[in-house]
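Asks:
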Amino acid sequence: MRNFLSDKVTQIQPSGIRKFFDIVSEMKDAISLGVGEPDFETPWHIRDEGIYAFEKGRTFYTSNSGLLPLRQEISKYIQRTQGVKYSPANEILVTVGGSEAIDIALRALLNDGDEVIIPQPSYVSYAPCSYLAGGENVIINLKAENEFRLTPEELENAITEKTKILILPYPNNPTGAIMEKSDLEKIAKIIIEHDIFVISDEIYSELTYKGQHVSIISLEGMKERTLLINGFSKSYAMTGWRLGYCCGPDWLIRQMTKIHQYAIMCAPTISQYAAVEALKNGDDDVKMMRESYNQRRRFLIDAFKKMGLECFEPYGAFYVFPCIKEFGMTSEEFATKFLQEEKVAAVPGTAFGDSGEGYLRISYAYSLEKLKIAMERLERFVNKLRK
Numbered sequence: 036m037r038n039f040l041s042d043k044v045t046q047i048q049p050s051g052i053r054k055f056f057d058i059v060s061e062m063k064d065a066i067s068l069g070v071g072e073p074d075f076e077t078p079w080h081i082r083d084e085g086i087y088a089f090e091k092g093r094t095f096y097t098s099n100s101g102l103l104p105l106r107q108e109i110s111k112y113i114q115r116t117q118g119v120k121y122s123p124a125n126e127i128l129v130t131v132g133g134s135e136a137i138d139i140a141l142r143a144l145l146n147d148g149d150e151v152i153i154p155q156p157s158y159v160s161y162a163p164c165s166y167l168a169g170g171e172n173v174i175i176n177l178k179a180e181n182e183f184r185l186t187p188e189e190l191e192n193a194i195t196e197k198t199k200i201l202i203l204p205y206p207n208n209p210t211g212a213i214m215e216k217s218d219l220e221k222i223a224k225i226i227i228e229h230d231i232f233v234i235s236d237e238i239y240s241e242l243t244y245k246g247q248h249v250s251i252i253s254l255e256g257m258k259e260r261t262l263l264i265n266g267f268s269k270s271y272a273m274t275g276w277r278l279g280y281c282c283g284p285d286w287l288i289r290q291m292t293k294i295h296q297y298a299i300m301c302a303p304t305i306s307q308y309a310a311v312e313a314l315k316n317g318d319d320d321v322k323m324m325r326e327s328y329n330q331r332r333r334f335l336i337d338a339f340k341k342m343g344l345e346c347f348e349p350y351g352a353f354y355v356f357p358c359i360k361e362f363g364m365t366s367e368e369f370a371t372k373f374l375q376e377e378k379v380a381a382v383p384g385t386a387f388g389d390s391g392e393g394y395l396r397i398s399y400a401y402s403l404e405k406l407k408i409a410m411e412r413l414e415r416f417v418n419k420l421r422k
């Protein structure tokens, strides 16, 4: 029998995040700091709205674009946080998580051979989705000395006549890096000059610990050339509800909606009703979770300092990215040995691109109690390596 599989699919490597998660799930007394999922339960008033929708039999398809009341609330949310107005009628699409939005955006925008600039380390799905859509990936290796921010020089050097899209992944997974307004203004100037489109993944926008998150859409000339991606998984602890959204120019949303129609039909209906409640009355929940994450963030940075482990201070998301280059091991070797000897799972930096070599991603979407135990084990582990 001949090989029926797609060459493109078989050439893609599995996610490096799940490997260590699968191992630790079968290991007694192990602590996993590997998965980027809030340890908070979805707030009760949001769950209640989902339960109410279920009890009322609201289990039918919504429109392809999503419930109009939800799109209206998304529009209000973007306007009050970024000062930018999107039309609920034709500039907003509700998706199955932010991941679907990334996938269908790239499919809607790319022709074979178009170049996509991807700063790394960054979320694992950008490069595979671009590749599957026919894009040619151009990787910018971000640097710790720049706090893993994208610099104007790095962007300028990556642009060619084939450049079509820049993916802007801030606040960043895995580094926790952010881009402030002054950073974005320099980037925006280059984007406009070279006529590039931006996919701005802002799923961690509410988890910013240095002022308020600024989106590139708020800068002059950028709304019309940017697709904003966000969702409910991280901010509202709604990962399993599988709900995201994107906002962009109507010419793009219209084409993305066609792909969404054929592949998905609509995002989960009950999740959409719950999300309306989240946007209307969830600000206090977000504030509480952000304050808790910030406490954990500060604890980890202090713990790294005490054990002499180099780590720049991240101001976004719920990840830290300590450097382990001093030990002369690859990230994969370090993470594997750490798991085997101390029963703590973290993700090798290389899971997020080659520039992640020499780093480890540690999530602090876990209780402070677990983090304290994990840091005790990490300190013991690095002290052994230094002997």
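Sequence positions in the sequence shown follow the numbering used here and run 36 to 422.
Don't be surprised by glycine CBs; every beta carbon is placed ideally from N, CA and C.
1. Residues in the same chain with beta-carbon distance under 6 Å from A136, minus the five sequence neighbours each way, listed in chain order, please.
2. List the DSSP bridge partners of Y399.
3. Find the nearest neighbour of I397 within the set G69, I47 and T45, judged by alpha-carbon distance.
4. Taking P49 as the reference, give the member of G393, V321, R421 and F387 with the closest Cα.
5. My output table needs one value for A124: the three-state DSSP class, helix, strand or coil.
6. Please report the residue range of the alpha helix (DSSP H) in which G279 lies.
7. Rounding to the nearest angstrom, what Cα-Cα distance links Y166 and S157 in this structure?
8. Can you look up N346 in the DSSP assignment and give me helix, strand or coil?
9. Could you compute how far the alpha carbon of A310 sits from the alpha carbon of R93?
10. Beta carbon of F356, beta carbon of G393: below 8 Å?
11. How many angstroms separate the CA atom of D74 from the CA atom of G85?
12. Taking three-plus beta-carbon pairs below 8 Å as touching, is the region 335-354 in contact with the region 370-377?
13. CA-CA distance, D230 and K91?
14. For A302, which three-state DSSP category applies?
15. Taking only the alpha-carbon atoms, compute the straight-line gap between A298 and T292 and give it to the nearest angstrom.
Replies: Walking through what the data contain:
1. For this step, residue 136 is matched to residue 101 along the sequence shown. Result list for A136: T130, I264, G279 and C281, in chain order.
2. Along the sequence shown, one-based indexing puts residue 399 at 364. For Y399, which the question treats as bridged, DSSP gives no partner whatsoever.
3. The residue you call residue 397 lines up with position 362 of the sequence shown. Selected option, being the one with the closest Cα: G69.
4. Numbered from 1 along the sequence shown, position 14 holds the residue referred to as residue 49. If we check each option's Cα against that of P49, F387 comes out closest.
5. As a working note, residue 124 is residue 89 in the sequence shown. The answer is coil: DSSP assigns A124 none of H, G, I, E or B.
6. Along the sequence shown, read from residue 1 onward, the residue named residue 279 stands at position 244. Run containing G279: none in the alpha helix (DSSP H); it sits in the beta strand (DSSP E), G279 to C282.
7. Translated into positions along the sequence shown, residue 166 becomes position 131. Translated into positions along the sequence shown, residue 157 becomes position 122. Distance between the alpha carbons of Y166 and S157 is about 16 Å.
8. Within the sequence shown, residue 346 is the residue found at index 311, counting from 1. The sequence shown places Cys at residue 346, rather than the Asn named in the question. Looking at C346 - three-state DSSP - the assignment turns out to be coil, as it is neither helix nor strand.
9. In the sequence shown, counting from the first residue as 1, residue 310 sits at position 275. In the sequence shown, counting from the first residue as 1, residue 93 sits at position 58. So the alpha carbons of these two residues sit roughly 14 Å apart.
10. Here residue 356 corresponds to residue number 321 of the sequence shown, with the count starting at 1. Here residue 393 corresponds to residue number 358 of the sequence shown, with the count starting at 1. Taking 8 Å as the Cβ cut-off, F356 and G393 do not qualify as a contacting pair.
11. On the sequence shown, residue 74 is found 39 positions in, with the first residue counted as 1. On the sequence shown, residue 85 is found 50 positions in, with the first residue counted as 1. Using only the alpha carbons, I get a separation of about 20 Å.
12. no
13. Locating residue 230 in the sequence shown gives position 195, where the first residue counts as 1. Locating residue 91 in the sequence shown gives position 56, where the first residue counts as 1. When rounded, the distance between both Cα atoms is 49 Å.
14. Locating residue 302 in the sequence shown gives position 267, where the first residue counts as 1. Correct three-state label for A302: coil.
15. Within the sequence shown, numbered from 1, the residue matching residue 298 stands at position 263. Within the sequence shown, numbered from 1, the residue matching residue 292 stands at position 257. Looking at the two C-alpha atoms, the distance is approximately 10 Å.
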